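Let me begin by presenting the structure, written as structure tokens, before commenting on it.
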Amino acid sequence: PIYLIAHTDKSSTDWESFSESAITIFKPFAVSSWIMIFIIILPLLGMIMFFHEDGAPGSAYPKNEPVLVERKFGRGRTTTEVVNRPISKVEHVVNSIYMATLSFFQGSYEQSVVSVGGKIHLLAIASFIMLIL
């Protein structure tokens, strides 16, 4: 038989040992480094990706999106048509920052990248994630 022997410290409570275990993942870097990663680097990486991919055919940041519009006429008659609705840049910037932050926690970048600049930038994001994790 195989036995697991684990040393337990009876001087600390369960909550103290849990909190100590929970913060060990943040110990490789100082608090200021983590702040810089989440406040400066990840948003910057997301905005640069948006800059590369904005309006490229097949990218995740198109200029317009098709929307189905239903118009009602008298006596219950309706017609539907597809209308291209412009997408605001703010919506794309927020989405790109979200995707950069999500890629940090997932360990990979999930959006499709179609431009050459975006592909090179994706190498930078992947290298950053690999070095941090």
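Quick note on this note's numbering: the sequence shown kicks off at 1283 and runs consecutively. No residue lacks a Cβ here, since even glycine has one placed at the ideal position from N, Cα and C. Since we're looking at a predicted model, the values are computed, not measured.
Coarse secondary structure for residue 1357, derived from DSSP in three states | helix
Assign residue 1337 to buried or exposed, taking buried as 16 or more other Cβ atoms, counted over all protein chains shown, within 10 Å of its Cβ.
-> exposed
Residue 1372 versus residue 1308: straight-line alpha-carbon distance, rounded = 31 Å
Apart from the five residues on each side of it in sequence, which residues of its chain come closer than 6 Å, Cβ to Cβ, to residue 1383?
-> 1324
So, using beta-carbon positions, are residue 1329 and residue 1398 closer together than 8 Å?
-> no
Name the residue from 1351, 1352 and 1335 whose alpha carbon lies nearest to the alpha carbon of residue 1345.
-> 1335
Inter-residue CB distance, residue 1342 and residue 1393 (contact presumed, cutoff 8 Å) = 5 Å
In three-state DSSP terms, what is residue 1395?
-> coil
Enclosing alpha helix (DSSP H) for residue 1242 [first to last residue] | No answer is possible for residue 1242: the residues shown for the chain start at 1283 and end at 1415.
Taking the continuous alpha helix (DSSP H) assigned at residue 1328, which residues delimit it?
-> 1324-1335
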